[in-house]
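In the working numbering, the protein residues as written are 6 to 458. Backbone N, C-alpha and C fix where the C-beta goes; we use that ideal spot for every residue, glycine too. All figures in this text were calculated on a predicted structure; none of them were measured in a lab.
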Amino acid sequence: MAKSQGQKRQGKMSLVGFMQAGNTSVYSGSWRHPATEHGFLDASYYQKLGRTLEEGRFDMMFFDDRLAMPGIYGGSVAEAVRTGARPVKLDLSIVLGAIAGATSHIGLGATYSTTYHSPFHVARTFSTLDHLSGGRAAWNIVTSVNDSEAQNFGVDEILGHDERYDRADEFLEATVGLWDTWEDDALVLDRESGHFAHADKVRALDHDGKYFKVKGPLTVPRGPQGRPVLLQAGSSGRGRDFASRWAEVIFTGDPNIDGARKHYEDQKARIAEVGRDPERIKMLPMAYAVVAETRAQAEDREQLLLNDLVDPQASITLLSELMNYDFSGIAMDEVITDELIESVNGIRGLTQNLRQHIGGDVTLADLAGHRATLLQGPRFVGTGTDVADQMHEWFETGACDGFVMAATHVPGSYEDLTRMVVPELQRRGVFRTEYEGSTLRENLGLDRPAVGS
Ligand SMILES: Cc1cc2nc3c(=O)[nH]c(=O)nc-3n(C[C@H](O)[C@H](O)[C@H](O)COP(=O)(O)O)c2cc1C
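(1) Report the three-state DSSP secondary structure of LYS206 (helix, strand or coil).
(2) If you reduce the DSSP assignment to three classes, tell me which class SER320 lands in.
(3) For the beta strand (DSSP E) containing PRO290, name the first residue and the last one.
(4) Beta carbon of ARG266, beta carbon of ALA404: below 7 Å?
(5) Determine the closest residue to PRO317 out of GLY89, GLY76, GLY22, with distance taken between C-alpha atoms.
(6) So VAL181 and ARG232 are in contact, right, with Cβ under 8 Å, and what is the actual spacing, rounded?
(7) Just curious, the beta strand (DSSP E) that TRP36 is in, first and last residue?
(8) For TYR440, which residues in the same chain have their Cβ closer than 6 Å to its Cβ, ignoring the five residues on either side in sequence?
(9) Quick check: is any heavy atom of ligand 2 less than 6 Å from the C-beta of ALA90?
(10) Measuring alpha carbon to alpha carbon, tell me which of MET425, ASP366, MET291 ends up nearest ALA411.
(11) Can you grab the Cα-Cα spacing for the pair MET6 / LEU54, in whole Å?
(12) Is the closest heavy atom of ligand 1 to the C-beta of PHE256 under 6 Å?
(13) Any heavy atom of ligand 1 closer than 6 Å to the beta-carbon of ALA238?
(14) Within 10 Å of its beta-carbon, does ARG196 have 16 or more other beta-carbons around it, so buried, or fewer, so exposed?
(15) Under the three-state reduction of DSSP, which class applies to VAL160: helix, strand or coil?
(16) Looking only at C-alpha atoms, which of GLU84, GLY239, ARG37, GLU270 sits nearest to ILE255?
(17) By DSSP, does ASN145 sit in helix, in strand, or in coil?
(18) Compare the Cα-Cα distances from THR390 to each of THR423, GLY27, SER249 and report the closest residue.
(19) DSSP three-state call for GLN230: helix, strand or coil?
(20) Report, in whole angstroms, the separation of the C-beta atoms of ALA143 and LEU372, which I expect to be a contact under 8 Å.
(21) What residue range is occupied by the uninterrupted beta strand (DSSP E) comprising TYR117?
(22) Taking the continuous alpha helix (DSSP H) assigned at GLY374, which residues delimit it?
(23) On the CB-based measure, 16 or more other CB atoms within 10 Å of its CB, does HIS126 come out buried or exposed?
(24) Return the CA-CA distance between PRO383 and ALA105, expressed in angstroms with no decimal places.
(25) Which residues mark the beginning and the end of the alpha helix (DSSP H) in which ALA277 is found?
(26) Between the Cα of GLY374 and those of MET337, HIS397, PHE385, spot the shortest distance and give me the residue it belongs to.
(27) Drop a sphere of 10 angstroms on the beta-carbon of ALA204, count the other beta-carbons inside from all chains shown, and report buried for 16 or more, exposed for fewer.
(28) For ASN145, which residues of its own chain have a beta-carbon under 6 Å away from its beta-carbon, when the five flanking residues on both sides are left out?
(29) Does DSSP classify LEU451 as helix, strand or coil?
(30) State the start and end residues of the unbroken beta strand (DSSP E) segment that holds THR180.
(31) Is any heavy atom of ligand 1 found at a distance shorter than 6 Å from the C-beta of SER249?
(32) Please state whether the Cβ-Cβ distance between TYR78 and THR322 is less than 7 Å.
(33) Closer than 6 Å: is that where the CB of THR119 sits relative to any heavy atom of ligand 1?
(34) Report yes or no: do three or more beta-carbon pairs, one from the region 78-87 and one from the region 130-143, lie closer than 8 Å?
(35) Return the first residue and the last residue of the beta strand (DSSP E) that VAL254 is part of.
(36) Should THR57 be listed as close to ligand 1, given that the test is whether its C-beta is under 6 Å from any heavy atom?
Have a look at this one:
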């Protein structure tokens with residue numbers, strides 16, 4: 006699947022804004038950035054972000070989520086609250102509802118957990134959003150990673166890694182089943198005769214499985230997209246198999262182009278193995294762009310991010326959360342061993358990625374010092390042309406189908422991309438100048454699924 010440098014690739018790249026409905030972007034120092042606006046409790050802040058990304062013709066904006074404050078480190082949320090390490094997370098369906106009313110084309114994605122929500126709730130929320138946004142809804146399927154979230158839902162510990170995916174498989178069967186309980190042409194709406202809808206075109210689901218029992222039908226008619234677009238970010242073997250079965254857009258966290266190419270090839274092969282078309286499923290690595298009018302200015306901006314804004318304590322607090330491992334008992338100069346990684350029930354791939362990036366042994370201080378969250382993906386630095394060059398190379402050489410762009414500051418990162426990088430990608434013909442359609446599926450080149458397909 007990897008393309009040689011000279012070979013032109015067909016199709017356009019996809020761009021997705023990686024959003025956070027809270028006090029900080031995925032880069033934990035973002036709230037301290039001089040250009041960050043602190044409007045995270047205002048609807049207008051999210052609406053402005055939506056309009057900016059739509060002006061940049063982004064395919065979609067999608068919000069990550071966590072259902073708890075970071076509380077693994079030292080068994081307390083104190084450090085998260087003190088350092089602003091993501092203590093605030095708003096309810097996403099309401100945030101997306103506000104953005105839907107202020108935009109007209111951009112896709113609207115939200116993260117919902119298969120471990121803590123129920124199929125009926127998820128099916129109903131996303132179907133409602135799909136109607137109210139005119140066919141722009143997308144669900145980012147996560148299984149959740151740590152005990153902090155479990156403890157907000159009546160259990161002490163998160164389920165084991167693979168069992169979370171078994172449950173997720175059944176969750177998807179039930180949720181997709183609920184979306185298909187209404188035929189497309191079920192509604193009649195005949196005032197005269199009083200015939201509201203065809204009773205034989207709205208069916209019960211009667212799902213009865215190991216984890217869920219759902220009668221149905223859904224209380225929302227079939228949406229404009231048939232089913233909302235499904236996003237997923239599994240990176241383990243089990244996660245990749247899950248993505249192959251269900252995902253239409255796959256997010257990844259590969260830090261360098263070689264690793265990304267291997268991941269791309271492996272994931273696309275898995276998709277083909279289960280009989281789906283790998284060309285239609287997008288793989289989008291998370292990436293940062295640090296853009297400025299000159300390369301020197303961009304490099305200065307990068308130094309600010311690396312050296313000044315992240316409290317190492319905030320990095321370790323977030324890493325404890327992502328890996329579901331309390332690092333408070335480990336000295337800063339201690340080497341992170343294979344045994345430690347094996348014992349992690351959260352995101353294992355994270356430390357492997359960091360190891361690849363840093364090379365050799367990784368100490369806890371390295372993890373903190375390298376501003377862990379900035380290393381989850383590549384960082385493209387320079388002028389608009391420099392950044393477009395790097396993105397273009399990833400796209401052209403089989404490392405990805407586009408990017409999930411994370412913000413170093415908000416809304417500035419997205420304004421910079423829209424103003425300086427997007428026009429350059431458009432000039433090269435690798436990114437759209439106008440939306441192709443009105444639904445997210447149309448813009449992503451995805452078919453509208455038929456009932457029961
Ligand atoms: C760009 C990106 C965004 C993610 N967003 C979330 C999220 O919002 N909530 C969450 O619980 N996990 C999130 N994850 C983690 C994934 O859901 C998944 O747990 C992780 O990639 C590890 O996969 P694995 O369990 O198959 O190893 C994200 C991962 C990536 C790469």
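Result, derived from the coordinates:
(1) Taking the first residue of the sequence shown as 1, we reach residue 206 at position 201. LYS206: helix per DSSP, three-state reduction.
(2) Indexing the sequence shown from 1 puts residue 320 at position 315. In this structure, SER320 counts as helix in the three-state DSSP scheme.
(3) Counting from one through the sequence shown, the residue named residue 290 turns up at place 285. Unbroken beta strand (DSSP E) run through PRO290: 287-296.
(4) Start at 1 with the first residue of the sequence shown, and residue 266 comes out as number 261. Start at 1 with the first residue of the sequence shown, and residue 404 comes out as number 399. The Cβ atoms of ARG266 and ALA404 lie closer than 7 Å to each other.
(5) Start at 1 with the first residue of the sequence shown, and residue 317 comes out as number 312. Taking only the C-alpha atoms, the option nearest PRO317 is GLY89.
(6) Locating residue 181 in the sequence shown gives position 176, counting from the first residue. Locating residue 232 in the sequence shown gives position 227, counting from the first residue. Contact flag correct, Cβ pair sits at about 6 Å.
(7) Counted from its first residue, the sequence shown places residue 36 at position 31. No beta strand (DSSP E) holds TRP36; DSSP gives it neither H nor E.
(8) Here residue 440 refers to the residue found at position 435 of the sequence shown. So the qualifying residues of the chain are HIS110, ASN448.
(9) Ligands present in the displayed structure are limited to ligand 1, and ligand 2 is not among them.
(10) In the sequence shown, residue 411 corresponds to position 406, counting from 1. ALA411 has its Cα closest to that of MET291, out of MET425, ASP366, MET291.
(11) Taking the sequence shown and counting its residues from 1, one reaches residue 6 at position 1. Taking the sequence shown and counting its residues from 1, one reaches residue 54 at position 49. At MET6 the pLDDT is 45, less than 50, meaning the model places this residue with poor confidence; the figure from the coordinates comes in the next sentence. Taking the straight line from one Cα to the other gives about 35 Å.
(12) The sequence position of residue 256 within the sequence shown is 251, counting from 1. Relative to ligand 1, the beta carbon of PHE256 is positioned inside 6 Å of a heavy atom.
(13) Sequence index remark: in the sequence shown, residue 238 carries index 233 (1-based). When distances are taken from the beta-carbon of ALA238 to the heavy atoms of ligand 1, the shortest one is below 6 Å.
(14) Here the question's residue 196 lines up with position 191 in the sequence shown. Its Cβ having fewer than 16 others within 10 Å, ARG196 is exposed.
(15) For this step, residue 160 is matched to residue 155 along the sequence shown. Look at VAL160 here: in three-state DSSP terms it is coil, with no helix or strand label.
(16) Against the sequence shown, residue 255 aligns to sequence position 250. The shortest C-alpha separation from ILE255 is found at GLY239.
(17) On the sequence shown, residue 145 is found 140 positions in, with the first residue counted as 1. Of the three classes helix, strand and coil, the one that applies to ASN145 here is strand, per DSSP.
(18) Along the sequence shown, one-based indexing puts residue 390 at 385. In this structure, THR423 is the residue among THR423, GLY27, SER249 with its C-alpha nearest to the C-alpha of THR390.
(19) Along the sequence shown, read from residue 1 onward, the residue named residue 230 stands at position 225. Three-state result, GLN230: coil.
(20) Along the sequence shown, one-based indexing puts residue 143 at 138. Along the sequence shown, one-based indexing puts residue 372 at 367. Not quite, the Cβ-Cβ distance comes to about 32 Å (not below 8 Å), so this is no contact.
(21) Residue 117 sits at position 112 when you count from the first residue of the sequence shown. Per DSSP, TYR117 belongs to the beta strand (DSSP E) from 112-118.
(22) Along the sequence shown, one-based indexing puts residue 374 at 369. Counted as a single uninterrupted DSSP element, the alpha helix (DSSP H) harbouring GLY374 occupies residues 369-374.
(23) Numbered from its first residue, the sequence shown carries residue 126 at position 121. Exposure of HIS126 is indicated by the presence of fewer than 16 other C-beta atoms within 10 angstroms of its C-beta.
(24) As a working note, residue 383 is residue 378 in the sequence shown. As a working note, residue 105 is residue 100 in the sequence shown. Between PRO383 and ALA105, the C-alpha separation is close to 30 Å.
(25) For the purposes of this step, residue 277 is taken as residue 272 along the sequence shown, with counting starting at 1. Unbroken alpha helix (DSSP H) run through ALA277: 262-278.
(26) Here residue 374 corresponds to residue number 369 of the sequence shown, with the count starting at 1. Comparing Cα positions, the closest option is MET337.
(27) Here residue 204 refers to the residue found at position 199 when the sequence shown is read from its first residue. Classification for ALA204: exposed.
(28) Position 140 of the sequence shown, counting from 1, holds the residue named residue 145. Counting only Cβ-Cβ distances below 6 Å, and skipping sequence neighbours, we find PHE67, GLY114, THR116, LEU236.
(29) Numbered from its first residue, the sequence shown carries residue 451 at position 446. Coil at LEU451, not helix or strand.
(30) Here residue 180 is taken as the residue at index 175 of the sequence shown, counted from 1. It is not in any beta strand (DSSP E) - THR180 instead sits in the alpha helix (DSSP H) that spans 166-184.
(31) In the sequence shown, counting from the first residue as 1, residue 249 sits at position 244. Answer for SER249: no, Cβ out of range of ligand 1.
(32) In the sequence shown, the residue the question calls residue 78 occupies position 73. In the sequence shown, the residue the question calls residue 322 occupies position 317. Yes, the pair counts as a contact, with Cβ atoms nearer than the cut-off.
(33) Here residue 119 is taken as the residue at index 114 of the sequence shown, counted from 1. Relative to ligand 1, the beta carbon of THR119 is positioned no closer than 6 Å to any heavy atom.
(34) Too few Cβ pairs lie closer than 8 Å, so no.
(35) To locate residue 254, count along the sequence shown from 1; it is residue 249. Following the DSSP letters along the chain, one finds VAL254 inside the beta strand (DSSP E) bounded by residues 254-257.
(36) Reading the sequence shown from its first residue, position 52 is the one you call residue 57. Not under cutoff, so the answer is no.
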